[in-house]
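S.K.:
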Amino acid sequence: MVEDGGDGVAIGARCAEDWLLHAQELVPVALGKAKEVKGFPVRWKMIISKLEQIPSRLSDLSSHPCFSKNALCKEQMQAVSKTLNEAIELAELCVKEKYEGKLQMQSDLDALSGKLDLNLRDCGLLIKTGVLGEATLPLAVSGPVAESDVATHTTIRELLARLQIGHLEAKHRALDGLVEVMKEDEKNVLTVLGRSNIAALVQLLTATSPRIREKTVTVICSLAESGNCEDWLVSEGVLPPLIRLVESGSAVGKEKATISLQRLSMSSETARAIVGHGGVHPLIELCQTGDSVSQAAAACTLKNISAVPEVRQALAEEGIVKVMINLLNCGILLGAKEYAAECLQNLTASNVNLQMSVISEGGLRSLMAYLDGPLPQESAVAALRNLVGLVSDEVLVSLGFLPRLVHVLKSGSLGAQQAAASAICKFCSSNEMKKMVGEAGCIPLLVKMLEAKSNSSREVAAQAVASLITLSQNRREVKKDGKSVPNLVQLLDPSPQNTAKKYAVSCLGSLASSRKCKKLMVSYGAIGYLKKLTEMDIPGAKKLLERLERGKLRSLLSRK
1 MVEDGGDGVA IGARCAEDWL LHAQELVPVA LGKAKEVKGF PVRWKMIISK LEQIPSRLSD
61 LSSHPCFSKN ALCKEQMQAV SKTLNEAIEL AELCVKEKYE GKLQMQSDLD ALSGKLDLNL
121 RDCGLLIKTG VLGEATLPLA VSGPVAESDV ATHTTIRELL ARLQIGHLEA KHRALDGLVE
181 VMKEDEKNVL TVLGRSNIAA LVQLLTATSP RIREKTVTVI CSLAESGNCE DWLVSEGVLP
241 PLIRLVESGS AVGKEKATIS LQRLSMSSET ARAIVGHGGV HPLIELCQTG DSVSQAAAAC
301 TLKNISAVPE VRQALAEEGI VKVMINLLNC GILLGAKEYA AECLQNLTAS NVNLQMSVIS
361 EGGLRSLMAY LDGPLPQESA VAALRNLVGL VSDEVLVSLG FLPRLVHVLK SGSLGAQQAA
421 ASAICKFCSS NEMKKMVGEA GCIPLLVKML EAKSNSSREV AAQAVASLIT LSQNRREVKK
481 DGKSVPNLVQ LLDPSPQNTA KKYAVSCLGS LASSRKCKKL MVSYGAIGYL KKLTEMDIPG
541 AKKLLERLER GKLRSLLSRK
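Numbering follows full-length UniProt numbering, in which position 510 of the sequence shown is assigned residue number 510; successive positions increment by one, without gaps.
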């Protein structure tokens, strides 16, 4: 037997207009029954006020041009009709006083009031936010679109719309569908996604159901990683619920929430907001207790946050220094160790208190040990460079600082070599240290760095050579290298991009006491460069030019 609604039309066969008519017929019945009730006056007064709002909402919704074209309207009319029937049944029970108990009826009336609120909200949402149009209209494009793509877009639009209307279980089903679609076709989801859909997802992050929160954060994680929705996510308030999930979510929820924060924290403004919303403490906790993926994501997020100078002290107060040093030593994934090194580099950039904290927590030894491993060395070398000068040279030597610098200069990346050369500049605070650096074999490696493509690398290498060359023993080492003078002369280039010229002048000035070196300087065109540098008032350029020109004149006279 086929069930019908009392008008001879099977329920399953009813269209949106049929359900609209049915709901419109139920409203006066429900209102009439509700007004007959004598008990529970406060609750029924509130229910009556909500019932009275339904006709205008139904009228507004039915006048939408897309009303009859989509299942969402039909489903909404069904939901309203079901709620009205419940109102009629409860009113009849109250009038006859045939309910089981007063407390139970109060609970049922509160539930009815909540359903009416949901119906009114959803009708308004369908009208005001454009959800109905989004779920119905084909995607507007400038060129031909495959029929399958149009169908896919329509499906996605409907799923996204369902996230905003209906009860929680209906949203849960829509979320399941969206997760499945994103696995297969994330690009099309991103094409269709609107700001209202982001707002709906963010609201679902605070749902009472752990399953819904977990699936929602999985979708949000994909959106964050796509790089297309960061501004919308943050402006719609995604940070506080993500932080709460890091604190107390399931294992999957914590992981996805932390990966989302990792991506979002790449923005300095968002990084500050994470601190402001209390996100540092749960991230630090996760670095100590989380699984491998969550730990690495938390470490990366903290590294991103530590790049913002004004929040570094807040990080220190949460104990970040000790935690990052521990990650250097015991991180589960190599990536976590790398992020820890980068974080320590940021923390030690300019804050003396933080630098001293790293030293007191044993950071020097851990950074040295990190350099012996397979990971990129630049951040660890840069962190060590930041600490040189705050500990005695003897301590650095005893920890094997010099051999590791030599190793980095030989085989490290350009960035690591640059950090190592910069560390040498700070390390050479005395003739004794300059001697040790020279004897360690750094000079030929620095001379080679003078040929680097990067202006900053050439500058720091020239600065290191200028510092070392003041010692006669090191000066002899520089003279022995056949590339030193040609490389230094090239660095006399007066162009603004060349920031190494003042150090090149200093180095060549120290070498100019050698007749052989002076001849090489002249032969490689140093005089022409120096004339331009003299006009630019580069320190030492005029004096070196005069020495070379005198030497050139003597050479001409001797030949004559």
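Yeah, the Cβ is synthetic: ideal placement off N, Cα and C, and Gly gets one too.
Three-state secondary structure (DSSP) at Phe40?
M.R.: As a first step, residue 40 must be located in the sequence shown, where it is residue number 40. It is coil, neither helix nor strand.
S.K.: Do Ser480 and Ile538 have their C-beta atoms within less than 8 Å of each other?
M.R.: Within the sequence shown, numbered from 1, the residue matching residue 480 stands at position 480. Within the sequence shown, numbered from 1, the residue matching residue 538 stands at position 538. Looking at the sequence itself, residue 480 is Lys, so the reference to Ser does not match. For Lys480 and Ile538, no; Cβs fall outside 8 Å.
S.K.: Helix, strand or coil for Asp108, going by three-state DSSP, please let me know.
M.R.: Here residue 108 corresponds to residue number 108 of the sequence shown, with the count starting at 1. Three-state result, Asp108: helix.
S.K.: When the Cα of Gly438 is compared with those of Ile156, Leu402, Ser68, which residue comes out closest?
M.R.: On the sequence shown, residue 438 is found 438 positions in, with the first residue counted as 1. The candidate whose alpha carbon is nearest that of Gly438 is Leu402.
S.K.: Shortest alpha-carbon distance to Asn197 belongs to which of Lys187, Ile212, Ser360, Leu178?
M.R.: To locate residue 197, count along the sequence shown from 1; it is residue 197. Asn197 has its Cα closest to that of Leu178, out of Lys187, Ile212, Ser360, Leu178.
S.K.: On the CB-based measure, 16 or more other CB atoms within 10 Å of its CB, does Val358 come out buried or exposed?
M.R.: As a first step, residue 358 is located in the sequence shown; it is residue number 358 there, counting from the start. When all chains shown are included, Val358 counts as buried.
S.K.: At which residues does the alpha helix (DSSP H) containing His407 begin and terminate?
M.R.: The residue you call residue 407 lines up with position 407 of the sequence shown. That run of the alpha helix (DSSP H) goes 401-411.
S.K.: Can you tell me whether DSSP reads Leu491 as helix, strand or coil?
M.R.: Counted from its first residue, the sequence shown places residue 491 at position 491. Coil.
S.K.: Could you check whether Arg385 and Leu354 sit closer than 8 Å to each other, using their CB atoms as the reference points?
M.R.: Translated into positions along the sequence shown, residue 354 becomes position 354. Translated into positions along the sequence shown, residue 385 becomes position 385. No, they are not a contact pair.
S.K.: Using CA atoms only, rank isn't needed, just tell me which of Ile443, Pro486, Leu492, Val352 is closest to Ile469.
M.R.: As a first step, residue 469 must be located in the sequence shown, where it is residue number 469. With distances taken between Cα atoms, Ile469 lies closest to Ile443.
S.K.: For His22, count neighbouring C-beta atoms within 10 Å of its own C-beta (all shown protein chains included) and say buried if the count is 16 or more, exposed if not.
M.R.: Along the sequence shown, read from residue 1 onward, the residue named residue 22 stands at position 22. Its Cβ being crowded by 16 or more others within 10 Å, His22 is buried.
S.K.: What's the gap between the Cα of Arg211 and the Cα of Asp60?
M.R.: Counting from 1 along the sequence shown, the entry for residue 211 is found at position 211. Counting from 1 along the sequence shown, the entry for residue 60 is found at position 60. One C-alpha to the other measures close to 35 Å.
S.K.: Taking the C-alpha atoms as reference points, what is the distance between Glu186 and Val252?
M.R.: Position 186 of the sequence shown holds residue 186. Position 252 of the sequence shown holds residue 252. Their backbone Cα atoms lie some 20 Å apart in a straight line.
S.K.: Which class does Arg550 belong to by DSSP, given the choice of helix, strand or coil?
M.R.: Against the sequence shown, residue 550 aligns to sequence position 550. Looking at Arg550 - three-state DSSP - the assignment turns out to be helix.
S.K.: Out of Leu344, Asp231, Glu477, state which residue places its alpha-carbon closest to the alpha-carbon of Val440.
M.R.: Mapped onto the sequence shown, residue 440 falls at position 440. It should be noted that the sequence gives Ala, not Val, for residue 440. If we check each option's Cα against that of Ala440, Glu477 comes out closest.
S.K.: Mind listing, in chain order, the continuous alpha helix (DSSP H) runs of no fewer than 4 residues lying wholly within the region 473-525?
M.R.: DSSP runs (the alpha helix (DSSP H)) wholly in the region 473-525: 484-490, 501-511, 515-523.
S.K.: When the Cα atoms are used, what is the spatial distance from Ser250 to Val217?
M.R.: The count along the sequence shown starts at 1 and reaches residue 250 at position 250. The count along the sequence shown starts at 1 and reaches residue 217 at position 217. Going by the C-alpha atoms only, they are around 11 Å apart.
S.K.: Identify whether residue 606 lies in helix, strand or coil by the three-state DSSP scheme.
M.R.: Only positions 1 to 560 of the chain appear in the structure, and residue 606 is not among them; the question remains open.
S.K.: Let me check understanding here. Comparing Cα to Cα, which of Asn487, Gln418, Phe427 lies closest to Ala457?
M.R.: Looking up residue 457 in the sequence shown gives position 457. According to the sequence displayed, residue 457 carries Ser and not Ala. Of Asn487, Gln418, Phe427, the residue nearest in Cα terms is Gln418.
S.K.: Helix, strand or coil for Cys229 per DSSP?
M.R.: By one-based count along the sequence shown, residue 229 stands at place 229. If DSSP states are grouped into helix, strand and coil, Cys229 belongs with coil.
S.K.: Might you give, ordered along the chain, the residues of its own chain that have their beta carbon closer than 7 Å to the beta carbon of Met433, omitting 5 neighbours on each side?
M.R.: Your numbering for residue 433 matches position 433 in the sequence shown. Taken in chain order, the residues that qualify are Asp393, Phe427.
S.K.: Can you name, in chain order, every residue of its own chain whose Cβ lies under 6 Å from the Cβ of Leu283, other than the five neighbours on each side?
M.R.: If you number the sequence shown from 1, residue 283 lands on position 283. Once the five neighbours on either side are set aside, the close Cβ partners of Leu283 are Ala298, Thr301, Leu302.
S.K.: Is His277 near Pro240, with beta carbons less than 8 Å apart?
M.R.: Within the sequence shown, residue 277 is the residue found at index 277, counting from 1. Within the sequence shown, residue 240 is the residue found at index 240, counting from 1. In contact: His277 and Pro240 (Cβ atoms closer than 8 Å).
S.K.: Let me check understanding here. Comparing Cα to Cα, which of Gly509, Gly124, Ala71 lies closest to Arg57?
M.R.: Translated into the one-based positions of the sequence shown, residue 57 becomes position 57. Checking every option, the nearest Cα to that of Arg57 belongs to Gly124.
S.K.: Quick check on Lys183: buried or exposed, where buried means 16 or more other Cβ atoms within 10 Å of its Cβ?
M.R.: Numbered from 1 along the sequence shown, position 183 holds the residue referred to as residue 183. Classification of Lys183: exposed, given that the 10 Å Cβ count is below 16.
S.K.: Given this structure, state the Cα-to-Cα distance separating Leu261 from Gln377, to the nearest angstrom.
M.R.: Counting from 1 along the sequence shown, the entry for residue 261 is found at position 261. Counting from 1 along the sequence shown, the entry for residue 377 is found at position 377. Their backbone Cα atoms lie some 26 Å apart in a straight line.
S.K.: Would you call the CB atoms of Lys337 and Gly331 closer than 8 Å?
M.R.: One-based indexing of the sequence shown puts residue 337 at position 337. One-based indexing of the sequence shown puts residue 331 at position 331. Yes.
S.K.: Who are the Cβ neighbours of Ala16 in its own chain at under 7 Å, not counting the five residues just before and after it?
M.R.: Numbered from 1 along the sequence shown, position 16 holds the residue referred to as residue 16. Answer for Ala16: Phe67, Ser68, Cys73, Lys74, Met77, listed in chain order.
S.K.: Does the distance from the CB of Ile320 to the CB of Gly362 come in under 8 Å?
M.R.: Within the sequence shown, residue 320 is the residue found at index 320, counting from 1. Within the sequence shown, residue 362 is the residue found at index 362, counting from 1. Cβ distance not < 8 Å, so Ile320 and Gly362 don't count as in contact.
S.K.: Tell me which residues share the same chain as residue 562 and place their Cβ nearer than 6 Å to its Cβ, disregarding the 5 neighbours each side in the sequence.
M.R.: The first residue shown for the chain is 1 and the last is 560, placing residue 562 beyond what the model contains.
S.K.: Could you name the residues of the same chain whose beta carbon sits closer than 7 Å to that of Thr348, not counting the 5 residues immediately before and after it, in chain order?
M.R.: As a working note, residue 348 is residue 348 in the sequence shown. Answer for Thr348: Leu354, Gln355, Val358, Ala383, Asn386, Leu387, listed in chain order.
S.K.: Tell me whether Glu432 sits in a helix, a strand or coil according to DSSP, three-state version.
M.R.: What you label residue 432 is simply residue 432 of the sequence shown in a count that begins at 1. Three-state result, Glu432: helix.
S.K.: State yes or no: is the C-beta of Ser62 within less than 8 Å of the C-beta of Leu20?
M.R.: Residue numbering aside, residue 62 sits at position 62 when the sequence shown is read from its first letter. Residue numbering aside, residue 20 sits at position 20 when the sequence shown is read from its first letter. Contact flag set, yes.
S.K.: Comparing C-alpha positions only, which one of Leu90, Thr206, Gly415, Ser267 sits nearest to Asp231?
M.R.: Translated into the one-based positions of the sequence shown, residue 231 becomes position 231. Nearest C-alpha to Asp231: Ser267.
S.K.: Mind checking which residues open and close the alpha helix (DSSP H) that includes Met368?
M.R.: Translated into the one-based positions of the sequence shown, residue 368 becomes position 368. Residues 363-371.
S.K.: Do you know whose CA, among Val465, Met436, Lys435, lies nearest Met449's CA?
M.R.: For the purposes of this step, residue 449 is taken as residue 449 along the sequence shown, with counting starting at 1. Considering only alpha carbons, the answer is Val465.
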